[in-house]
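*Asks:* With this note's numbering applied, the sequence shown covers 26 to 625. Quick reminder that beta carbons are idealized off the backbone N, C-alpha and C, glycines included.
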Amino acid sequence: MKKGNLKNMIAIVKKLVNKTSGPFSPGVDPEDLTVLYKMQEMVSIIFSEGQTDLWKELEADGEDSVTLLTSVQDWSMSKLLESKATEKNVDLLMLTENVATQSLKSEPKELKKKYAPYMYFPDYGKDPKWDELRKRWGGSADQMRVPVAVLGDSSEPISIQSMYYNTYHKMAPLQNSITGLNATGIFLDSRVISFGVKPTYERDVLTSDPVIIFLEHQLEKQKLLRGPSAEEIEDPKIESRECMRWSDTLEIPDTTKLEDPTAVKIGGWTPEGCSRVNSTELYTTCACDSLGMFALIAFPPVPKKYVEPEDETWVFVLRGLGYSLSIIILICYISAIAMRPALHDQFHMIRLNLAIAAVGTMLSFFSVDFKRHDHEVCRVLSGFIHYFYLSLGVWLCILTHALFKGFIKGIVDGRINFYLLIGWGLPLIWVGIVVASTPNYGYEDRCMVGPTRALRCSLACPLFFISVASLIWSVVICCNLTTPQIKREEVVKELNCSTKMLCFLSMAFTGIWIPGLVAWLELDKVNLRGWRKLFQIFNSWMGVCIVLLLGVGSRHFRNAVLLKYINYLKKLFHSNEVNPSSRFVYTNGYRFEYKNYYYQ
Numbered sequence: 026m027k028k029g030n031l032k033n034m035i036a037i038v039k040k041l042v043n044k045t046s047g048p049f050s051p052g053v054d055p056e057d058l059t060v061l062y063k064m065q066e067m068v069s070i071i072f073s074e075g076q077t078d079l080w081k082e083l084e085a086d087g088e089d090s091v092t093l094l095t096s097v098q099d100w101s102m103s104k105l106l107e108s109k110a111t112e113k114n115v116d117l118l119m120l121t122e123n124v125a126t127q128s129l130k131s132e133p134k135e136l137k138k139k140y141a142p143y144m145y146f147p148d149y150g151k152d153p154k155w156d157e158l159r160k161r162w163g164g165s166a167d168q169m170r171v172p173v174a175v176l177g178d179s180s181e182p183i184s185i186q187s188m189y190y191n192t193y194h195k196m197a198p199l200q201n202s203i204t205g206l207n208a209t210g211i212f213l214d215s216r217v218i219s220f221g222v223k224p225t226y227e228r229d230v231l232t233s234d235p236v237i238i239f240l241e242h243q244l245e246k247q248k249l250l251r252g253p254s255a256e257e258i259e260d261p262k263i264e265s266r267e268c269m270r271w272s273d274t275l276e277i278p279d280t281t282k283l284e285d286p287t288a289v290k291i292g293g294w295t296p297e298g299c300s301r302v303n304s305t306e307l308y309t310t311c312a313c314d315s316l317g318m319f320a321l322i323a324f325p326p327v328p329k330k331y332v333e334p335e336d337e338t339w340v341f342v343l344r345g346l347g348y349s350l351s352i353i354i355l356i357c358y359i360s361a362i363a364m365r366p367a368l369h370d371q372f373h374m375i376r377l378n379l380a381i382a383a384v385g386t387m388l389s390f391f392s393v394d395f396k397r398h399d400h401e402v403c404r405v406l407s408g409f410i411h412y413f414y415l416s417l418g419v420w421l422c423i424l425t426h427a428l429f430k431g432f433i434k435g436i437v438d439g440r441i442n443f444y445l446l447i448g449w450g451l452p453l454i455w456v457g458i459v460v461a462s463t464p465n466y467g468y469e470d471r472c473m474v475g476p477t478r479a480l481r482c483s484l485a486c487p488l489f490f491i492s493v494a495s496l497i498w499s500v501v502i503c504c505n506l507t508t509p510q511i512k513r514e515e516v517v518k519e520l521n522c523s524t525k526m527l528c529f530l531s532m533a534f535t536g537i538w539i540p541g542l543v544a545w546l547e548l549d550k551v552n553l554r555g556w557r558k559l560f561q562i563f564n565s566w567m568g569v570c571i572v573l574l575l576g577v578g579s580r581h582f583r584n585a586v587l588l589k590y591i592n593y594l595k596k597l598f599h600s601n602e603v604n605p606s607s608r609f610v611y612t613n614g615y616r617f618e619y620k621n622y623y624y625q
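Set out below in structure tokens:
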């Protein structure tokens, strides 16, 4: 059937329901209820298995299958209520290709006498028609057991309508009170069956003697029918099957309407009032304290949410102290380079950018301790950590490359603009690709980039390889310290000292990311918490290491910064005894000497 034909048939059913909602005629005979069979034939076609994909398209266009189905059920029940049952009781069994309906109308005492103590639907064995249906439906065995006490003791006739659907579960809506509108991985794993009594029924009876519903697992049944080939098909994973009842009044928050946070969708499956009595691989038995429409919903395995235990006080204090000192010292280091023109050479500008990336990293990690429970803020912090930490690693490689070029080829200036593009642009492209291709980016309790190992690997693996590569590269440079291409003694001494300090920093960076790799990728689950503590503590003091090794470890930086304070002390004490030039070989043309040698 084409989509247009299905829409036309749905429109016909809706029109029939609306146009014939009134009574047939006063005191209609039960024989005239055959019109219900005609309606059921159309419903059977509309909800046949071949229409499953078309229904998905129609629901995307706003059509609601359960609304149509319940309107037909209500319409059928209204016709049953209008029928005359004083002279002849109604007992109508209608079987079509995909729907089976049993309609009863009689006085409660008559029904109790006939069916006591329980009514069964379908009542296999009582009518040969049910045996024929079971064969057509692949040996169906679903059944409901309802205590007749629920019918009450009224002297007025009551109407009972039971409906059983062969393929409706494949196109029924999946919104429910557990996952809301999120239907990822869930599906109805049983046929849909319903039982209704009008005008009223004794619900209190079901508290002590509930409705029992036996439902087959359709997925497992299909595996058996497929035989040995079942292993070749990847079946959905199931964590649990829950007994569900359709509720027309259930309110589910409609998260698709962002402009209206209070929007709700009415109607959905709920386990309220139902429980599992027994469950095997092939079937589940449910007990419910009300009548209605029932089915089983299969839920996929949910990744266990890791709840990070609170750290010991000493870990929190040591980590907080490390981040605080790192941030303060890094800011001082950045300010010192920015305010001293003598430090505006290529190497110190690289270190300046490296320190800025380190400050961003430290601030992001420091904020995690206070904002980790806010998922959206945690997502933003994950992005900051990802970007700034990768930038830090790239700038470390850039510094190694610059020193290598200085020693091997004598190039000490003129590349800073190119380095800026690489240092800040390359990590931005990488993080942008990861974020754009990952819908659940950043949703992780510890703000560790993402919930999956692959996502965390997009940060941990590049940083580990960068640290190892920088270490090896700096060791190679150290092996060539005795054969520099630059002949100026002061420049050679500065580059010599800087290379050694860079080697130590690369060792420290590698030392941080050995436990970091284990912790972020969860390589050692037994001692995972210990590895995390080790990484957090080492990582928090990284800023201090950067300033001590790249800042204090640089002769040029020490001379430039200390000269300022020595001059300050000289003015303060009006003393001529302090002579910085006698202790430090420094001229204001230090950077100029770099350029002179490079261009000569």
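1. Which term fits Trp339, buried or exposed, when burial requires 16 or more other beta carbons within 10 angstroms of its beta carbon?
2. Are the Cβ atoms of Tyr348 and Ser407 separated by less than 9 Å?
3. Determine the contact status of Ser492 and Leu575, defining contact as a CB-CB distance below 9 Å.
4. Measuring CA to CA, which of Leu176, Arg228, Leu321, Lys430 is closest to Cys503?
5. Would you mind sorting Ile571 into buried or exposed? The rule is 16 or more other CB atoms within 10 Å of its CB.
6. How long is the line joining the alpha carbons of Ser272 and Gly293, rounded to whole angstroms?
7. Going straight from the alpha carbon of Glu227 to that of Val175, what length do you get?
8. Taking Ile497 as the reference, which of Phe529, Cys482, Pro476, Leu480 has the closest Cα?
9. Name the DSSP bridge partner or partners of Tyr190?
10. Kindly indicate which three-state DSSP category Arg376 falls into: helix, strand or coil?
11. Quick check: what's the CA-CA separation for Glu157 versus Gln186?
12. Can you give me the C-alpha to C-alpha distance between Met374 and Asn201, rounded to a whole angstrom?
13. Have a look at Thr535, Pro487, Gln371, Phe390 and flag the residue whose alpha-carbon is nearest the alpha-carbon of Cys472.
14. If contact is defined by three or more beta carbon pairs under 8 Å, each pair taking one atom from either stretch, is the stretch 84–99 in contact with the stretch 131–150?
15. Closest to Pro235 by C-alpha separation, out of Asp438, Glu264, Thr274, Val171, would be which residue?
16. Distance, Cα to Cα, His411 vs Tyr193?
17. Taking His400 as the reference, give the member of Phe341, Tyr468, Asn43 with the closest Cα.
18. Pick out whichever of Ser483, Lys151, Val586 has its Cα sitting closest to the Cα of Leu453.
19. In the DSSP assignment, find the alpha helix (DSSP H) that holds Gln65 and state where it starts and stops.
20. Distance, Cα to Cα, Met361 vs Arg478?
21. Check this for me: beta carbons of Leu428 and Thr524, under 9 Å apart or not?
22. Helix, strand or coil: which one does DSSP assign to Cys570?
23. With DSSP as the reference, label Trp294 as helix, strand or coil.
24. Straight-line CA distance for Leu117 to Leu129?
25. Ordered along the chain, which non-local residues of its own chain (more than five positions away) have a Cβ less than 8 Å from that of Gly708?
26. Taking only three categories from DSSP, how would you classify Ser108?
27. Using alpha carbons as the reference points, say which of Met64, Met144, Leu83 lies closest to Lys32.
28. Assuming Arg554 is part of the alpha helix (DSSP H), what are its boundary residues?
29. May I have the straight-line CA-CA distance separating Met46 from Arg161, to the nearest angstrom?
30. With burial defined as no fewer than 16 other Cβ atoms inside 10 Å of the residue's Cβ, what is the status of Gly541: buried or exposed?
31. Report the residue from Lys290, Ile322, Leu307, Ile291 whose alpha carbon sits nearest the alpha carbon of Ser300.
32. Are there three or more Cβ pairs, one per stretch, closer than 8 Å when the stretch 351–367 is compared with the stretch 431–441?
33. Work out the CA separation of Leu415 and Pro487 for me, nearest whole Å.
34. Need the endpoints of the alpha helix (DSSP H) that Val236 sits in, please.
35. For the alpha helix (DSSP H) that Ser416 lies in, which residues bound it at each end?
36. In chain order, what residues of the same chain lie with their CB nearer than 8 Å to the CB of Phe102, ignoring the 5 residues before and after it?
*Replies:* Here's the rundown:
1. exposed
2. no
3. no
4. Lys430
5. Around the beta carbon of Ile571, 16 or more other beta carbons lie within 10 angstroms, which makes this residue buried.
6. Spanning the two alpha carbons is a distance of roughly 6 Å.
7. Cα to Cα, Glu227 sits roughly 5 Å from Val175.
8. Phe529
9. Val124, Val217
10. helix
11. In a straight line, the C-alpha of Glu157 is about 21 Å away from that of Gln186.
12. Annotation: Met374 to Asn201 spans about 58 Å, alpha carbon to alpha carbon.
13. Phe390
14. When Cβ pairs closer than 8 Å are counted between the two stretches, the stretch 131–150 is seen not to touch the stretch 84–99, the count staying below three.
15. When each option's Cα is compared against that of Pro235, the closest is Val171.
16. Cα to Cα, the separation comes out at about 47 Å.
17. Tyr468
18. Ser483
19. 60–71
20. It should be noted that the sequence gives Ala, not Met, for residue 361. Looking at the two C-alpha atoms, the distance is approximately 40 Å.
21. Yes, the pair counts as a contact, with Cβ atoms nearer than the cut-off.
22. It is helical.
23. strand
24. 6 Å
25. Because the chain is modelled from 26 through 625, residue 708 falls outside the range shown and cannot be assessed.
26. strand
27. Of the listed residues, the one whose Cα sits closest to Lys32 is Leu83.
28. 553–565
29. Reading off the sequence shown, one finds Ser at residue 46, where the question assumed Met. Each residue's Cα considered, the two are about 33 Å apart.
30. buried
31. Ile322
32. no
33. 8 Å
34. Careful: Val236 lies outside any alpha helix (DSSP H), inside the beta strand (DSSP E) at 236–241.
35. Segment 400–433, the alpha helix (DSSP H) holding Ser416.
36. One detail in the question is off: residue 102 reads as Met in this sequence, not Phe. Taken in chain order, the residues that qualify are Ser184, Gln186, Gly221, Lys223.
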